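Asks:
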Amino acid sequence: MTDIQSLRNDFPILNKQLDGQPLCYLDSAATAQKPNKVIDVIKTFYQDENSNVHRGLHTLSENATVRYESARETIANFLNVETREIVWTSGATESLNLVAHGLSASLNSDSVIAISPFEHHANIVPWQEACQRTGATLLVLPMLDGVLDEQGAIAMLKQHKPDVLAMGHVSNALGNIHPIESLISVCKALGTITVIDGAQSLLHLRPDLKALECDFYVFSAHKALGPTGVGGLYGKYQQLNALPVYKTGGEMIKEVSFERSSYREAPSKFEPGTPNISGVIGFAAAIDYVNEIDPSALQRYEQALYHSLLAKLRQIEGITVYGDTQNNVGVVSFNYKNEHHYDLATLLNTYGVAVRSGHHCTQPLMKMLKVNGTVRASLAFYNNQDDIEHFINALSATIELLD
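Using our numbering, you'd call the opening residue of the sequence shown number -12 and step up by one each time.
#1: Run through DSSP, which three-state label would Ser44 get?
#2: Taking the alpha-carbon positions, what's the Thr210 to Ala19 distance?
#3: Hey, how far is the Cα of Ala284 from the Cα of Thr235?
#4: Helix or strand or just coil, what does DSSP make of Phe206?
#5: In the DSSP output, which residue or residues are listed as bridge partners for Gln8?
#6: Would you list the one or two residues that DSSP bridges to Val362?
#7: Are Thr70 and Glu60 touching if we call contact CB-CB under 7 Å?
#8: Within 10 angstroms of its Cβ, does Ser(-7) collect 16 or more other Cβ (buried), or is it exposed?
#9: So what's Ser38 in DSSP terms, helix, strand or just coil?
#10: Going by C-alpha to C-alpha distance, which of Gly339, Thr349, Gln226 and Asn37 sits closest to Tyr12?
#11: Determine the DSSP secondary structure at Gly260, reduced to helix, strand or coil.
#12: Measuring only the C-alpha atoms, how far is Asn370 from Arg(-5)?
#13: Mind checking which residues open and close the alpha helix (DSSP H) that includes Leu334?
#14: What is the C-beta distance between Val25 and Ala273, in whole angstroms, given that I count them as a contact (C-beta under 8 Å)?
#15: Relative to the C-alpha of Asp6, which residue among Ile379, Glu387, Pro351 and Asn336 is closest?
#16: With the cut-off set at 7 Å, would you say Ser379 and Lys299 are in Cβ contact?
#17: Taking only three categories from DSSP, how would you classify Met(-12)?
#18: Which residues does DSSP list as the beta-bridge partners of Thr76?
#19: Residues in the same chain with beta-carbon distance under 7 Å from Leu94, minus the five sequence neighbours each way, listed in chain order, please.
#20: Quick one, which of Ile0, Leu389, Ser265 and Ile183 has its alpha-carbon nearest Tyr33's?
#21: Does Gln282 pass the burial test, meaning 16 or more other C-beta atoms within 10 Å, or should it be called exposed?
#22: By Cβ distance below 7 Å, which residues in the same chain neighbour Met(-12) in space, the five residues on each side in sequence not counted?
#23: Give every residue of the same chain whose Cβ lies closer than 7 Å to the Cβ of Glu252, excluding the five residues on either side of it in the sequence, and list them in chain order.
#24: Run through DSSP, which three-state label would Ile240 get?
And the structure:
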């Protein structure tokens, strides 16, 4: 069995010092750090293997094409879906835009699109645009004490029978794990299309999409140890292939004339132009790395770290923690008295602590919580108890300066 704590040694950036302070990286919800395996694969590709895909008959091109398509198979196996159901995109944001654009073709003024109050702007704005184009109504599910009101949400879904439910598996701002299984079950009975934002769940929860039975699922590589600028879209094949093309260009076409063009089947129809080849290969290396870790051990370790951090934070008078602390991937979103979250994060940075402050691309959620932002500390399995102690000591020193 893998020793989870020893995996920290695979992440070279964690040995870094900032202005004489050891790096305490608690911003993995923004982007995860990269293991040597991913860094080395990308370097080797550009150094020894660089070529375009699906275009050349020469050895470099053929090898690159094999690796590129093998990476699709790696991600598909990880998610327990068919290889042809995975589309490469630039990340979760593009994937959501692709789906929202595609589904708009079947929406009208009688249509309803449901979202949760916890959504990242990337899972709000594309649907707002879809509503503006089609006249559809945007419905927001209820929240209760910083947690999705599951029963209220189910009742609302049954009442309004939305055409689409688009929501995150995990809140990026709070870390809440949403009960999407029960909502998807209700939606299946209603004939509602389900679009799940998996940007924050791919690494921590390793979802089995065949068991989950959502219609679409989006994800980004950089949240799961992979490189930036690449991600993907899963779609049940019949529904995926039924979506109209989103962007056009080379490689996604069957035939082009000056009068008309015809397009290939999914996933190729959604992948015009030269793709992010090194990113895709690096993403597969990240998934290979994760596959070597026992998922139960990883989750137990992350949860132990999270509850240790939470317990120590709650011992500090004046701290307010937001969200669901019982069902959480390892994100602590908090404020201290009336101090501005920006000031807290800025001072923490002087101690080498990397956290995020602000609205976390969830302005509507912050308004519902009656705050203008929070400090967010987000964990991953490469953190350890020393990071927790470092953070708490730095926060205590910061509070002393502010009080």
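Each residue gets a CB set at the ideal place from its N, CA and C atoms; glycine is no exception. Here the structure is a predicted model, which means the values were calculated and not measured.
Replies: Based on what the coordinates show:
#1: In the sequence shown, the residue the question calls residue 44 occupies position 57. Note that residue 44 is Leu in the sequence shown, not Ser. DSSP places Leu44 in coil when its eight states are reduced to three.
#2: Locating residue 210 in the sequence shown gives position 223, counting from the first residue. Locating residue 19 in the sequence shown gives position 32, counting from the first residue. The question names Thr, but residue 210 is Lys in the sequence shown. Computed Cα separation, rounded: 5 Å.
#3: Locating residue 284 in the sequence shown gives position 297, where the first residue counts as 1. Locating residue 235 in the sequence shown gives position 248, where the first residue counts as 1. Approximately 44 Å, taken between the alpha carbons.
#4: Locating residue 206 in the sequence shown gives position 219, counting from the first residue. Strand.
#5: Within the sequence shown, numbered from 1, the residue matching residue 8 stands at position 21. In DSSP, Gln8 forms a bridge with Leu5.
#6: By one-based count along the sequence shown, residue 362 stands at place 375. BP columns for Val362 point to Phe321 and Ser344.
#7: Translated into positions along the sequence shown, residue 70 becomes position 83. Translated into positions along the sequence shown, residue 60 becomes position 73. Taking 7 Å as the Cβ cut-off, Thr70 and Glu60 qualify as a contacting pair.
#8: By one-based count along the sequence shown, residue -7 stands at place 6. Exposed: under 16 other Cβ atoms inside 10 Å.
#9: Indexing the sequence shown from 1 puts residue 38 at position 51. Three-state result, Ser38: coil.
#10: Taking the first residue of the sequence shown as 1, we reach residue 12 at position 25. Nearest of Gly339, Thr349, Gln226 and Asn37 to Tyr12, Cα basis: Gly339.
#11: In the sequence shown, the residue the question calls residue 260 occupies position 273. Coil.
#12: The sequence position of residue 370 within the sequence shown is 383, counting from 1. The sequence position of residue -5 within the sequence shown is 8, counting from 1. About 7 Å.
#13: Sequence index remark: in the sequence shown, residue 334 carries index 347 (1-based). First-last of the alpha helix (DSSP H) with Leu334: His328 to Asn336.
#14: Locating residue 25 in the sequence shown gives position 38, counting from the first residue. Locating residue 273 in the sequence shown gives position 286, counting from the first residue. Indeed they touch by this definition, with Cβ atoms about 5 Å apart.
#15: For the purposes of this step, residue 6 is taken as residue 19 along the sequence shown, with counting starting at 1. The shortest Cα separation from Asp6 among Ile379, Glu387, Pro351 and Asn336 belongs to Asn336.
#16: Counted from its first residue, the sequence shown places residue 379 at position 392. Counted from its first residue, the sequence shown places residue 299 at position 312. In the sequence on display, residue 379 carries Ile and not Ser. For Ile379 and Lys299, yes; Cβs fall inside 7 Å.
#17: By one-based count along the sequence shown, residue -12 stands at place 1. Low per-residue confidence applies at Met(-12): pLDDT is 45, beneath 50, and the placement is therefore not dependable, though the value from the model is reported in the following sentence. Coil.
#18: Counting from 1 along the sequence shown, the entry for residue 76 is found at position 89. Its beta-bridge partners are Gly218.
#19: The residue you call residue 94 lines up with position 107 of the sequence shown. Cβ within range, chain order: Ala117, Thr121, Ala123 and Asp150.
#20: Translated into the one-based positions of the sequence shown, residue 33 becomes position 46. Cα-wise, what sits closest to Tyr33 is Ser265.
#21: Your numbering for residue 282 matches position 295 in the sequence shown. First, the residue type needs correcting, since residue 282 is Pro and not Gln in the sequence shown. The residue in question, Pro282, is exposed, as its Cβ has fewer than 16 Cβ neighbours within 10 Å.
#22: Residue numbering aside, residue -12 sits at position 1 when the sequence shown is read from its first letter. Confidence is the limiting factor: at Met(-12) the pLDDT is only 45, short of 50, which leaves the residue's position unreliable, though a coordinate-based value still follows. So the list reads Asp281 and Ala284, once near-sequence residues are dropped.
#23: Start at 1 with the first residue of the sequence shown, and residue 252 comes out as number 265. Hits under 7 Å: Asn228.
#24: By one-based count along the sequence shown, residue 240 stands at place 253. The answer is strand: DSSP assigns Ile240 an E or B state.
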